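Student: Sequence order for the protein chains is A and B. Numbering of the first sequence is given in my numbering, commencing with residue 1 and proceeding in unit increments. Numbering of the second sequence is given in my numbering, commencing with residue 1 and proceeding in unit increments. First the structure, then my questions, so here it is.
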Amino acid sequence: MKVYVTGLGVVSGIGLGIEENMASMKMQKHGMDKITLFSTELDVPVSEVKQNNSELKERLSLPAKKCYSRTALLGMLAAKEALLDAQIDPASSRIGFISSTSVGGMDLSEHFYSQFKDNNHRGRLREIISHDCGDSTEQIAEYLGLKGFVTTISTACSSAANAIMLGARLIKSGYLDTVIAGGTDALCKFTLNGFNSLMILDKVHCRPFDDSRAGLNLGEGAGYLVLQSEKDCHKKPYCELSGYANANEAYHQTGSSPEGDGPFLSMSQALVSSQLLPKDIDYINVHGTGTPSNDFSESKAIKRIFGNQIPPFSSVKAFIGHALGASEGIEAVYSALSVSRGIIYPNLNFQKPIEGIGLSPETTFKEGLPIKHVLSNSFGFGGNNSSLLFSTTQKI
Amino acid sequence: MMQPVYINNVASIHPESNDCNQPYLIASEPDYKTIITDATLRRRMSRIVKMGVACGLECIAQTAPEDIHAIITSTGLGCLADTEKFMNAIIDNKERMLNPTAFIQSTFNTIGAQIALIRQVHAYNVTYVHRGLSFESALLDGILKIGEGNSNVLVGAIDEITPVAYTIQKRLGLLKGTQAGEGAQFFLLSSEKNGKTLGEVKGLETFVRPDSIEEIKDKILDFIERNNLTNHDIDWFISGKNGNRQQDAIYAYLENSLFSEAEHSTFKDQCGEYHTASSYALWKVIKTFGEETNSARYALIYNHYQTINHSLILIRRI
């Protein structure tokens with residue numbers, strides 16, 4: 001059975017909605033700037049969604065006084081766009097909502113905790129009630145009027161790919177007809193300090209796949225796809241989700257293997273699942289965080305699979321940062337648009353290929369290309385590696 | 001509903017006695033040295049990580065890594081102690097010179113990842129984090145995996161209680177009449193029966209925010225019928241009663257209506273209340289199926305978390 005992508009929604013540091021995101025890509029306008037969302041001792045660039053929580057609530061017509069985690073607000077905006085885009089009735093019990101996040105409502109929890117820590121009677125309870133990862137998912141589902149199956153996935157940076165994968169599998173197995181799947185994550189002190197403690201944050205704008213790359217920049221946002229079976233597809237789909245794979249590298253809790261074993265497994269298994277050959281791939285949206293080890297091992301894996309016929313590839317992380325649990329939600333939206341509009345995204349800040357690798361990503365925005373198959377990667381802590389494959393629709 | 005899903009092995013680390021010095025139930029932990037043999041790895045692990053990893057490893061001790069086709073874990077709140085530790089460090093050290101270990105281990109997928117790392121399982125690996133439906137989501141994924149042609153799938157649930165989590169849950173009013181708890185349970189789902197098979201997962205259903213008790217009853221009846229049974233076939237009804245009078249009324253109503261002929265059991269008096277407590281109920285059912293004294297053919301576990309997340313797990317004795 002085929003699974004079609006019939007709705008898209010995205011919020012990132014380079015815009016709200018599909019068209020703003022595409023316009024920024026075209027103009028090569030990135031989202032990196034100083035942190036404004038919270039006070040911090042760290043001076044690193046991040047890609048914030050440019051609207052504060054009050055502005056987001058206003059856009060969503062939510063009561064200004066009610067407390068929502070930023071993770072939920074970003075998710076609501078993107079999921080709403082996807083739902084409207086697909087023109088589906090949210091009340092159907094055959095519609096599922098699968099969301100992913102790496103930190104849930106941590107943006108509020110850490111504020112609560114700073115007051116609670118020294119006095120356990122202090123801290124506003126409305127700021128801790130949304131701590132668990134399921135909260136943002138249920139808030140979004142309630143906001144959109146979704147009444148069917150809901151669940152939440154958290155596998156660090158590959159979370160949203162796994163949410164999309166589960167959505168496709170639930171449709172194929174007949175459990176559901178339509179699934180809204182993707183991820184949402186808000187920037188917070190906890191993750192910023194976490195990545196800083198791992199010493200993988202670049203102090204300046206990140207440079208994925210460049211020889212001088214020195215780390216990643218964090219980002220935030222949300223991205224969702226509406227997946228539907230053929231019989232429930234009422235509009236022309238963007239593309240088909242033709243393949244996917246999830247493999248565990250089982251090498252190190254946070255590091256990547258030097259030969260790219262995990263990326264090799266997830267990419268090659270995704271190809272097998274879609275019955276495609278490496279030569280069929282027209283573009284790879286790489287994970288490309290900009291850390292020395294990720295880009296090195298991902299390159300190795302690409303070379304192992306594609307040999308000397310490496311398709312055009314690029315990382316969008318220098319535009320939107322690494323949005324963790326939302327990352328592949330956003331990038332899956334970009335990948336679906338890559339197929340439907342024939343787009344290749346530019347990889348910013350690339351000058352010199354990685355020594356000993358020699359791969360050069362695409363550096364200009366291209367549109368209207370005959371793109372049939374796009375591979376999209378996301379790799380996370382714990383060796384959780386996933387790849388998705390998007391293809392042009394043959395029939396509809 | 002689906003192709004048979006057998007439970008061929010189980011493991012659990014759960015509270016075994018009520019320690020009167022604590023306001024909540026704490027898991028009685030084994031000596032981890034013999035299970036997690038790498039001392040360096042073990043030392044870095046927090047309590048929940050050790051608990052989950054040890055429990056998962058025990059469940060697949062007799063299974064070759066290449067025969068394990070998925071590792072699917074679930075947790076409502078994840079690695080709380082590590083999360084608190086890293087939050088404290090951020091505040092105490094004013095964001096400077098932080099040790100990354102607590103941050104790394106606070107990630108929700110740490111336990112599933114560590115099991116894969118220790119046993120070198122390169123297969124599908126995912127973690128569910130959806131409140132009272134976390135374990136059920138993992139179980140559903142496991143059922144799908146078996147349906148997709150895989151032979152062995154490890155499915156597990158882990159949650160820990162900490163003094164901070166207890167204080168917050170108490171302030172939120174989540175523990176009225178209820179004792180908080182914790183534990184780890186893992187299950188080896190298989191497509192084939194073997195000599196050790198004790199039960200089969202016949203059906204699984206979850207729902208959120210039902211409008212009335214009548215709607216819950218209808219959903220349960222509908223679920224049983226979809227599995228080609230009637231409510232009279234259920235001879236063991238296991239409910240998630242937790243001591244909260246208002247919330248327990250739902251279970252009592254079902255015991256007196258749909259399941260008046262069945263044997264009734266509870267489990268949260270043993271494991272305490274937590275997001276993935278229903279995994280303890282499944283463990284208990286499978287364990288009891290192995291005992292001569294129990295003759296139930298069909299067991300139904302019905303659980304709800306704070307009346308919001310509801311789940312039904314139907315198990316057939318083998």
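Beta carbons: idealized from backbone N, C-alpha and C, even for Gly. Predicted model only: the values in this text are computed from it and were never measured.
#1: Could you name the residues of the same chain whose beta carbon sits closer than 6 Å to that of residue 289/A, not counting the 5 residues immediately before and after it, in chain order?
#2: Round the Cβ separation of residue 255/B and residue 232/B to the nearest angstrom and send it over; I've been treating them as touching at under 8 Å.
#3: Do you know how far the Cα of residue 101/A is from the Cα of residue 224/A?
#4: According to DSSP, is residue 284/A part of a helix, a strand, or is it coil?
#5: Taking the straight line between their C-alpha atoms, what separation do you get for residue 226/B and residue 103/A?
#6: Should residue 396/A be flagged as near chain B, meaning a C-beta pair shorter than 7 Å?
#7: Count the other CB atoms, across all protein chains shown, that sit within 10 Å of the CB of residue 45/B; report buried if there are 16 or more and exposed otherwise.
#8: Using a C-beta cutoff of 7 Å, does residue 115/A count as contacting chain B?
#9: When we look at the beta-carbon of residue 19/A and count the other beta-carbons within 10 Å, is it buried (16 or more) or exposed?
#10: What residues in the stretch 162-182 of chain A bring their beta carbon closer than 9 Å to a beta carbon of chain B?
#11: Locate the beta strand (DSSP E) running through residue 314/B, then write down its first and last residues.
#12: Report the partner residues of residue 273/B according to the DSSP bridge assignment.
#13: Leaving out five residues on either side along the sequence, give the residues of the same chain with a beta carbon under 7 Å from the beta carbon of residue 154/A.
#14: How many angstroms separate the CA atom of residue 3/B from the CA atom of residue 337/A?
#15: Using 8 Å for Cβ pairs, my map puts residue 302/B next to residue 185/B. What's the rounded Cβ distance?
#16: Skipping 5 residues on each side, what residues in its chain have a beta carbon closer than 7 Å to that of residue 140/B?
#17: Starting from residue 302/B, follow its DSSP beta bridges and name the residues at the other end.
#18: Rounded to the nearest angstrom, what separates residue 147/A and residue 138/A at their Cα positions?
#19: What residues in the stretch 255-270 of chain B have a beta carbon less than 9 Å from any beta carbon of chain A?
#20: Pull the bridge partners of residue 200/A from the DSSP assignment, please.
#21: Give me the chain A residues within the contact set of residue 112/B, using Cβ-Cβ distance strictly less than 9 Å, ordered along the chain.
#22: Using 10 angstroms around the beta-carbon of residue 279/A, count the other beta-carbons present and answer buried if the total reaches 16, otherwise exposed.
#23: In whole angstroms, give me the CA-to-CA distance for residue 266/B and residue 150/A.
#24: From the DSSP secondary-structure annotation, give me the bridge partner or partners of residue 32/A.
#25: With hydrogens ignored, establish whether the beta-carbon of residue 27/B is closer than 6 Å to any heavy atom of the ligand COA.
#26: Under 7 Å Cβ to Cβ from residue 392/A, same chain only, skipping five residues before and after it: list those, please.
#27: Tell me, please, which residues DSSP counts as bridged to residue 200/B.
#28: Identify whether residue 284/B lies in helix, strand or coil by the three-state DSSP scheme.
#29: Note down, in chain order, each residue of its chain lying with its Cβ closer than 7 Å to the Cβ of residue 35/B, except the 5 sequence neighbours on either side.
#30: So, helix, strand or coil for residue 248/A, using DSSP?
#31: For residue 366/A, which beta-bridge partners are listed by DSSP?
#32: How about residue 1/B: is its C-beta nearer than 7 Å to some C-beta of chain A?
#33: To the nearest angstrom, how far is it from the Cα of residue 17/B to the Cα of residue 28/B?
#34: Would you say residue 89/A faces chain B, with C-beta separation under 7 Å as the test?
#35: Alpha carbon to alpha carbon, how far is residue 30/A from residue 15/A?
#36: Would you kindly work out how many angstroms separate the C-alpha atoms of residue 228/A and residue 244/B, rounded to a whole number?
Tutor: Reading off the structure:
#1: 216, 317, 322
#2: With 8 Å as the limit, residue 255/B and residue 232/B do not qualify as a contact, their Cβ atoms being about 14 Å apart.
#3: 12 Å
#4: strand
#5: Taking the straight line joining both Cα atoms gives about 37 Å.
#6: Summary for residue 396/A: the model assigns pLDDT 45, below 50, so the residue's position carries little reliability; its value from the coordinates is reported in the next sentence. For residue 396/A, the answer is no, since every Cβ of chain B falls outside 7 Å of its Cβ.
#7: buried
#8: no
#9: exposed
#10: 162, 165, 166, 169, 170, 172, 173, 175
#11: 309-317
#12: In DSSP, residue 273/B forms a bridge with 180/B.
#13: Around residue 154/A: 100, 101, 102, 133, 325.
#14: 37 Å
#15: 17 Å between Cβ atoms; not a contact.
#16: 204
#17: Under the DSSP definition of a beta bridge, residue 302/B partners with 239/B, 312/B.
#18: Whole-angstrom Cα-Cα distance: 10 Å.
#19: none
#20: Note: residue 200/A sits in no beta bridge, so no partner.
#21: Residues of chain A whose Cβ lies closer than 9 Å to the Cβ of residue 112/B are, in chain order, 155, 248, 382, 384.
#22: So residue 279/A counts as exposed.
#23: 26 Å
#24: 47/A
#25: Ligands are entirely absent from the displayed structure, and the ligand COA is therefore not among its contents.
#26: 239, 339, 372
#27: 6/B, 316/B
#28: Residue state, collapsed to three classes: helix.
#29: 54, 57, 58
#30: In the three-state scheme derived from DSSP, where H, G and I count as helix and E and B as strand, residue 248/A is classed as strand.
#31: 344/A
#32: Low local confidence applies: a pLDDT of 47 at residue 1/B is under 50, so the model's placement there is unreliable, with the coordinate-based value given in what follows. Not an interface residue.
#33: Cα to Cα, residue 17/B sits roughly 8 Å from residue 28/B.
#34: no
#35: 10 Å
#36: Roughly 41 Å between the two C-alpha positions.
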